[in-house]
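These notes concern the structure reproduced below.
Protein chains: 2
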Amino acid sequence: MREQQMLDAAVQIFGRRGYMAASMDEIAELAGVSKPLVYLYLNSKEDLFTACIRREAAALSEAVRAGVRTELPADRQLWDGLLAFFAHTSEHPDAWSVLHLQARTHGEPFAAEVAAMRAEIVAFVNRLVAVAAREAHHDPDLTEDEVAGLAQALVGAAESLAAWANATPGVTARQAAATLMNFAWAGLGNLMQGHHWTPSEQDA
Amino acid sequence: MREQQMLDAAVQIFGRRGYMAASMDEIAELAGVSKPLVYLYLNSKEDLFTACIRREAAALSEAVRAGVRTELPADRQLWDGLLAFFAHTSEHPDAWSVLHLQARTHGEPFAAEVAAMRAEIVAFVNRLVAVAAREAHHDPDLTEDEVAGLAQALVGAAESLAAWANATPGVTARQAAATLMNFAWAGLGNLMQGHHWTPSEQDA
Chain C
1 MREQQMLDAA
11 VQIFGRRGYM
21 AASMDEIAEL
31 AGVSKPLVYL
41 YLNSKEDLFT
51 ACIRREAAAL
61 SEAVRAGVRT
71 ELPADRQLWD
81 GLLAFFAHTS
91 EHPDAWSVLH
101 LQARTHGEPF
111 AAEVAAMRAE
121 IVAFVNRLVA
131 VAAREAHHDP
141 DLTEDEVAGL
151 AQALVGAAES
161 LAAWANATPG
171 VTARQAAATL
181 MNFAWAGLGN
191 LMQGHHWTPS
201 EQDA
Chain U
1 MREQQMLDAA
11 VQIFGRRGYM
21 AASMDEIAEL
31 AGVSKPLVYL
41 YLNSKEDLFT
51 ACIRREAAAL
61 SEAVRAGVRT
71 ELPADRQLWD
81 GLLAFFAHTS
91 EHPDAWSVLH
101 LQARTHGEPF
111 AAEVAAMRAE
121 IVAFVNRLVA
131 VAAREAHHDP
141 DLTEDEVAGL
151 AQALVGAAES
161 LAAWANATPG
171 VTARQAAATL
181 MNFAWAGLGN
191 LMQGHHWTPS
201 EQDA
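Those protein sequence lines, which keep their order, are chains C and U. Residue numbers for the first sequence follow UniProt numbering, beginning at 1 and rising by one. Residue numbers for the second sequence follow UniProt numbering, beginning at 1 and rising by one.
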């Protein structure tokens, strides 16, 4: 309970000030506890930062997983997953800044924590693309490497778009998800022809 | 001339060992010069790393720009740009590791150097998508924010895919470019139906 409070404060300060500039004094003050208590619970600034990364990586993975129902068609799963991802990153911009920016900018041990979460999300998307290819009845002509590459491309696109959406006033989670869904599902060629992806009737 | 030799050696060592583990001794030895000479030319490990980032960022931007002829149709420009990008990153894996991984993992001054190059590439892709939308005759119904979001998605996808391709034996630059071109232009929905993007006759 108290630890959660400290982590809440730490994510906010790390996300807004950056890892280097964040001070343990400020984190303790925002959490409403003494600085010795923060050290007692979390040991050091590095350990506190690592605990933040782990908690926020787990929360993001969980949010995406909870948003997707695997019994639905692949395009619907992708849409739900994207919506859950962008909703979470826009509702927790400090957490996203910690994961996407701070954790990757301050040394390899922190970067490795994020890389592990990323690998999980890539594996999840990989399965989704593979299932979609099987569902399509046609011989989809996609090799294992192509499926893996598509999963990497999709995750990279989502990360890049989330950072941009959080930094751009007026762009909602839904708009970011719709932009990426159209890009991923329909492709630029179709978009240029005015063909957009739309959720099916049942989803209204 | 001598400076280029030192930078060549530094990019290789930084890319393979990582910024922290890279030693100035090893860099000097690989460059075939004395360590004092490296310090004389490049001043410090930090300045040497910054010089590597700047040189490699400029080389990558230039390679992409040189690959694209702006008088061609948008899909062809995108294909040529992707091919140039993946050819460069696969031919210079150490440089890509410096830019994509090392420069973003070791503090904000280095990360800012890469962010500047990235902003340039995003602006270039942004123009390309906007031109493509205009070319399409149809009212493409794409707002400025959607075009900007698509450019972010495309660049993020390319970065992610390049890192994966360099780490995956047997994936060529051409395959990586084709995977992303199909994803970006035709979209997953079309790929699942067995519809791929193919270069037009004139490009054979």
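Don't be surprised by glycine CBs; every beta carbon is placed ideally from N, CA and C.
Using a Cβ-Cβ cutoff of 9 angstroms, what residues of the stretch 167-183 of chain U are near chain C? List them in chain order. THR168, GLY170, VAL171, GLN175, ALA176, ALA178, THR179, LEU180, ASN182 and PHE183
So, PHE86(C) versus ALA176(C), is the Cβ gap smaller than 8 angstroms? Along the first sequence, read from residue 1 onward, the residue named residue 86(C) stands at position 86. Along the first sequence, read from residue 1 onward, the residue named residue 176(C) stands at position 176. Yes.
8 angstroms Cβ cutoff met for TRP197(C) and ASP75(C): Within the first sequence, numbered from 1, the residue matching residue 197(C) stands at position 197. Within the first sequence, numbered from 1, the residue matching residue 75(C) stands at position 75. Against a cut-off of 8 angstroms, the Cβ pair of ASP75(C) and TRP197(C) comes out as a contact.
Measuring only the C-alpha atoms, how far is MET117(U) from ALA10(C)? What you label residue 117(U) is simply residue 117 of the second sequence in a count that begins at 1. What you label residue 10(C) is simply residue 10 of the first sequence in a count that begins at 1. Looking at the two C-alpha atoms, the distance is approximately 31 angstroms.
What is the rounded straight-line gap between the Cα of LEU17(U) and the Cα of PRO169(U)? Translated into the one-based positions of the second sequence, residue 17(U) becomes position 17. Translated into the one-based positions of the second sequence, residue 169(U) becomes position 169. Going by the sequence as given, residue 17(U) is Arg instead of Leu. So the two alpha carbons sit approximately 20 angstroms from each other.
CB contact check: ALA153(C) to chain U, cutoff 8 angstroms: The residue given as residue 153(C) occupies position 153 in the first sequence. Cβ-Cβ to chain U under 8 angstroms: yes for ALA153(C).
Report all residues from its chain with a CB closer than 7 angstroms to the CB of LEU180(U); omit the five preceding and five following residues, and keep chain order. Your numbering for residue 180(U) matches position 180 in the second sequence. LEU82, ALA157, ALA158 and LEU161.
Nearest candidate by alpha-carbon position, reference PHE124(C), set GLN102(C), LEU142(C), THR105(C) and GLN152(C): On the first sequence, position 124 is the one that residue 124(C) refers to. Of GLN102(C), LEU142(C), THR105(C) and GLN152(C), the residue nearest in Cα terms is GLN152(C).
Going by the DSSP bridge assignment, what does HIS196(C) pair with across the sheet? One-based indexing of the first sequence puts residue 196(C) at position 196. HIS196(C) is not bridged to any residue.
Do ALA51(C) and GLY67(C) come within 8 angstroms of each other at the CB atom, strictly closer than that value? Residue 67(C) sits at position 67 when you count from the first residue of the first sequence. Residue 51(C) sits at position 51 when you count from the first residue of the first sequence. Taking 8 angstroms as the Cβ cut-off, GLY67(C) and ALA51(C) do not qualify as a contacting pair.
Select from the stretch 45-77 of chain U all residues with a C-beta closer than 7 angstroms to any C-beta belonging to chain C, and list them in chain order. ASP75
Can you check the stretch 15-92 of chain U for any alpha helix (DSSP H) of at least 4 residues that lies completely inside it and give the ranges in chain order? 24-31, 35-42, 45-67 and 74-91
Count the other C-beta atoms from every protein chain shown that fall within 10 angstroms of the C-beta of THR89(C), then say buried if there are 16 or more, exposed otherwise. Here residue 89(C) is taken as the residue at index 89 of the first sequence, counted from 1. Buried, since its Cβ has 16 or more Cβ neighbours within 10 Å.
What are the residues that DSSP puts in a beta bridge with HIS106(U)? For this step, residue 106(U) is matched to residue 106 along the second sequence. Per DSSP, HIS106(C).
Using 8 angstroms as the threshold, is the C-beta distance between LEU150(C) and LEU188(U) below it? Stepping through the first sequence from its first residue, residue 150(C) is reached at position 150. Stepping through the second sequence from its first residue, residue 188(U) is reached at position 188. Yes, Cβ-Cβ distance for LEU150(C) and LEU188(U) is below 8 angstroms.
For the stretch 94-111 of chain C and the stretch 16-36 of chain C, state whether three or more C-beta atom pairs, one from each stretch, are separated by less than 8 angstroms. yes
Less than 8 angstroms between the beta carbons of GLU56(U) and VAL98(U), yes or no? The residue labelled residue 56(U) in the question sits at position 56 within the second sequence. The residue labelled residue 98(U) in the question sits at position 98 within the second sequence. Against a cut-off of 8 angstroms, the Cβ pair of VAL98(U) and GLU56(U) comes out as a contact.
With burial defined as no fewer than 16 other Cβ atoms inside 10 Å of the residue's Cβ, what is the status of ASN43(C): buried or exposed? Sequence index remark: in the first sequence, residue 43(C) carries index 43 (1-based). By the 10 Å Cβ count, ASN43(C) comes out exposed.
Check the Cβ-Cβ distances between ARG104(U) and every residue of chain C, and say whether any is below 8 angstroms. Here residue 104(U) refers to the residue found at position 104 when the second sequence is read from its first residue. Chain C contact via Cβ: present.
Residue environment, MET6(U), which counts as buried when at least 16 other CB atoms sit within 10 Å: Locating residue 6(U) in the second sequence gives position 6, counting from the first residue. So MET6(U) ends up on the buried side.
Return the Cβ separation of VAL129(C) and VAL147(C) in integer angstroms, given the expectation that the two are a contact with Cβ distance under 8 angstroms. Reading the first sequence from its first residue, position 129 is the one you call residue 129(C). Reading the first sequence from its first residue, position 147 is the one you call residue 147(C). Going by Cβ atoms, the distance from VAL129(C) to VAL147(C) rounds to 5 angstroms, so yes, they are a contact pair.
How is the alpha helix (DSSP H) around GLY156(U) delimited, first residue to last? On the second sequence, residue 156(U) is found 156 positions in, with the first residue counted as 1. Unbroken alpha helix (DSSP H) run through GLY156(U): 144-167.
Under the assumption that TRP185(U) contacts LEU78(U) (Cβ atoms under 8 angstroms), give the Cβ distance between them as a whole number of angstroms. Here residue 185(U) corresponds to residue number 185 of the second sequence, with the count starting at 1. Here residue 78(U) corresponds to residue number 78 of the second sequence, with the count starting at 1. Between LEU78(U) and TRP185(U) the Cβ distance is about 7 angstroms, and since that is below 8 angstroms, they are a contact.
Tell me whether ILE13(U) is buried or exposed, calling it buried when 16 or more other Cβ atoms sit within 10 Å of its Cβ. If you number the second sequence from 1, residue 13(U) lands on position 13. So ILE13(U) counts as buried.
Rounded distance between the beta-carbons of ASP25(U) and VAL171(C), thought under 8 angstroms: Along the first sequence, read from residue 1 onward, the residue named residue 171(C) stands at position 171. Along the second sequence, read from residue 1 onward, the residue named residue 25(U) stands at position 25. At roughly 49 angstroms, the Cβ-Cβ gap does not stay under 8 angstroms, so VAL171(C) and ASP25(U) are not in contact.
Check whether the Cβ of GLU120(C) lies closer than 8 angstroms to any Cβ atom in chain U. As a first step, residue 120(C) must be located in the first sequence, where it is residue number 120. Not closer than 8 angstroms to any Cβ of chain U, the Cβ of GLU120(C) fails to qualify, so no.
Would you mind working out which of HIS92(C), LEU40(C), LYS35(C) and ARG69(C) sits nearest ASP8(C), comparing C-alpha positions? As a position in the first sequence, residue 8(C) is number 8, starting the count at 1. Closest by alpha carbon: HIS92(C).
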